[in-house]
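A.B. asks: Quick one: this structure, given as structure tokens, is what I'll be asking you about.
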Amino acid sequence: MPSQHPWDRVIPWVRGRTVQLAHVVWRLVVTAFGACLRHRVTGLAAEAAFFAILSVPPLVFALTGAIGFVSERYPPAQVADLQEAIIALASQALTDDAVSRVIEPTIAEVLAEGRFDVMSLGFFLALWSGSRALNVFVDTITIMHGLGGHRGIVRTRALSFSLYLLAMAMGALALPLVVAGPGLLSKWLPDTFDMLLQFYWPVVIVLCVCFLATLYHVSVPVRTNWSFNLPGAVFSLVSWIAGSFLLRWILTETASESSSVFGPLAAPIAVLLWLYLLSIAVLVGAAVNAAFDTVFPQSSTSRARRELVQRLRLRVGVKDSVA
1 MPSQHPWDRV IPWVRGRTVQ LAHVVWRLVV TAFGACLRHR VTGLAAEAAF
51 FAILSVPPLV FALTGAIGFV SERYPPAQVA DLQEAIIALA SQALTDDAVS
101 RVIEPTIAEV LAEGRFDVMS LGFFLALWSG SRALNVFVDT ITIMHGLGGH
151 RGIVRTRALS FSLYLLAMAM GALALPLVVA GPGLLSKWLP DTFDMLLQFY
201 WPVVIVLCVC FLATLYHVSV PVRTNWSFNL PGAVFSLVSW IAGSFLLRWI
251 LTETASESSS VFGPLAAPIA VLLWLYLLSI AVLVGAAVNA AFDTVFPQSS
301 TSRARRELVQ RLRLRVGVKD SVA
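All residue numbers for the sequence shown refer to the UniProt record's numbering, where the first residue is 1 and numbers rise by one.
Given below as structure tokens:
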């Protein structure tokens, strides 16, 4: 009787594993896609992008009001450059008459001397609108995991405020690094640090992934494994980067030779579209994590979903008995 070749046993095993892996991947894709359609990801992303861009003007005014308290320590030329930059930014979204009558006198007065009322009102409006955008993320992530109503409205809102403050702090540290880039940092740092600049973008990417994973982790109202949120965080970051490059290419190809009447609104519209892509990427990443939680359920989320269903059944039973 001829002896059986070892490959005769390996090939069926590999084929079976491949089919099993393809089935798992297909389940993840279908579950994530269904969650995106069921929970209106595109509409909620538009809401989050709107409130995010709504928080920018009051935040700029609040920071300007804070700078007014220390403007005497800076040269007049730097203060004038800041004033011109703010006016140029406002001119892209407002008419020339509104800028000359409202924005220019207000900025000049605020930079001349600190205005506590402008600073406090600006920070309040920025905190309200910015936390409202994060509230969309937190609430949607909770619902995608089947735990809607597990965390109360007050706790959800407080978590959104805390996350917005954390995002502002991280943005104040990360945005200058992203804008400066390794090329500009190489001019500031000694030559002995050139070796470290090779790890610049990997470190930035890792920090972004960690922040997104933390956002997904704290948004789920029960204790979960932090590493379980890494697939959605990585997918969200990759989608955001790819979408940003695509948006940049589209705007470059379509708006470079354009003389449309919407020219003054081009910059705000571009920022709104970019924030919309960012919001979609974050919510789709949450759907990916929810799909993983469905295919490979964690004990904490499964237990919380069962308790929530029992609570709802008990509530319905009490109502039926009263009726």
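Where is the CB? At the ideal position from N, CA and C, for every residue including glycine.
1. Assuming contact is defined by CB atoms lying nearer than 7 Å, are C36 and A242 in contact in what I supplied?
2. Under 7 Å between the Cβ atoms of A133 and A48?
3. On the CB-based measure, 16 or more other CB atoms within 10 Å of its CB, does M1 come out buried or exposed?
4. DSSP state of V284, grouped into three classes?
5. CA-CA distance, L163 and S131?
6. Smallest Cα separation from L237: which of I269, I280, R223 and G146?
7. Between R311 and V29, what straight-line distance do the alpha-carbon atoms span, to the nearest angstrom?
8. For the alpha helix (DSSP H) that S219 lies in, which residues bound it at each end?
9. For the putative contact between T142 and R151, defined by C-beta atoms under 8 Å, what is the C-beta separation to the nearest angstrom?
10. With a threshold of 8 Å, are at least 3 pairs of Cβ atoms found where one atom belongs to the region 294-308 and the other to the region 219-227?
11. Hey, how far is the Cα of T31 from the Cα of L251?
12. Could you round the C-beta distance between G65 and V118 to whole angstroms and report it? I think they count as a contact, below 8 Å.
13. When DSSP labels each residue in this structure, what does T51 get in the three-state scheme?
14. What's the call for A88, buried or exposed, on a 16-neighbour Cβ count within 10 Å?
15. Report the residue from C210, S219 and W201 whose alpha carbon sits nearest the alpha carbon of M170.
16. Within the same chain, show all residues whose beta-carbon is closer than 7 Å to that of Y276, passing over the 5 residues directly before and after it, in chain order.
17. By how many angstroms is the C-alpha of L147 removed from the C-alpha of R306?
18. Let me know if D293 comes out buried or exposed under the rule of 16 or more other beta-carbons within 10 Å of its beta-carbon.
19. Go ahead and label W201 buried or exposed: buried means 16 or more other beta carbons lie within 10 angstroms of its beta carbon, across all protein chains shown.
20. Taking the alpha-carbon positions, what's the A22 to V284 distance?
C.D. replies: Taking the definition as stated:
1. Locating residue 36 in the sequence shown gives position 36, where the first residue counts as 1. Locating residue 242 in the sequence shown gives position 242, where the first residue counts as 1. Here C36 is not near A242, since their CB atoms are 7 Å or more apart.
2. On the sequence shown, residue 133 is found 133 positions in, with the first residue counted as 1. On the sequence shown, residue 48 is found 48 positions in, with the first residue counted as 1. Between A133 and A48, the C-beta spacing is below 7 Å.
3. Counting from 1 along the sequence shown, the entry for residue 1 is found at position 1. Caution is warranted here: a pLDDT of 44 is assigned to M1, below 50, making its placement in the model unreliable, and the coordinate value is therefore given only provisionally. Under the 10 Å beta carbon count, M1 is surrounded by fewer than 16 other beta carbons and is classified as exposed.
4. On the sequence shown, residue 284 is found 284 positions in, with the first residue counted as 1. V284 carries a helical assignment under DSSP once its states are collapsed to helix, strand and coil.
5. For the purposes of this step, residue 163 is taken as residue 163 along the sequence shown, with counting starting at 1. For the purposes of this step, residue 131 is taken as residue 131 along the sequence shown, with counting starting at 1. Taking the CA atoms as reference points, L163 sits about 8 Å from S131.
6. Reading the sequence shown from its first residue, position 237 is the one you call residue 237. The option with the nearest alpha carbon to L237 is I280.
7. On the sequence shown, residue 311 is found 311 positions in, with the first residue counted as 1. On the sequence shown, residue 29 is found 29 positions in, with the first residue counted as 1. Distance between the alpha carbons of R311 and V29 is about 31 Å.
8. The residue labelled residue 219 in the question sits at position 219 within the sequence shown. In this chain, the alpha helix (DSSP H) harbouring S219 covers Y200 to S219.
9. For the purposes of this step, residue 142 is identified with residue 142 of the sequence shown, where counting begins at 1. For the purposes of this step, residue 151 is identified with residue 151 of the sequence shown, where counting begins at 1. Their Cβ separation, rounded to whole angstroms, is 6 Å, which keeps T142 and R151 in contact under 8 Å.
10. In short, these stretches touch, since the Cβ pair count reaches three.
11. The residue given as residue 31 occupies position 31 in the sequence shown. The residue given as residue 251 occupies position 251 in the sequence shown. In this structure, the alpha-carbon of T31 lies about 33 Å from that of L251.
12. Taking the sequence shown and counting its residues from 1, one reaches residue 65 at position 65. Taking the sequence shown and counting its residues from 1, one reaches residue 118 at position 118. Right, the Cβ-Cβ distance comes to about 4 Å (below 8 Å), so this counts as a contact.
13. Position 51 of the sequence shown, counted from the first residue, corresponds to residue 51. This sequence places Phe at residue 51; Thr is not what is there. Here DSSP, grouped into helix, strand and coil, assigns F51 to helix.
14. One-based indexing of the sequence shown puts residue 88 at position 88. Its Cβ having fewer than 16 others within 10 Å, A88 is exposed.
15. In the sequence shown, counting from the first residue as 1, residue 170 sits at position 170. When only C-alpha atoms are compared, the closest one is C210.
16. Within the sequence shown, residue 276 is the residue found at index 276, counting from 1. For Y276, where only same-chain residues beyond five positions count, the Cβ hits under 7 Å are A45, A46 and A49.
17. Working through the sequence shown from its first residue, we reach residue 306 at position 306. Working through the sequence shown from its first residue, we reach residue 147 at position 147. Rounded to the nearest whole angstrom, the CA to CA distance from R306 to L147 is 10 Å.
18. Counting from one through the sequence shown, the residue named residue 293 turns up at place 293. Residue burial is scored here from C-beta neighbours: D293 has at least 16 other C-beta atoms within 10 angstroms and is therefore classed as buried.
19. As a first step, residue 201 must be located in the sequence shown, where it is residue number 201. Per the 10 Å Cβ criterion, exposed.
20. Along the sequence shown, one-based indexing puts residue 22 at 22. Along the sequence shown, one-based indexing puts residue 284 at 284. About 21 Å.
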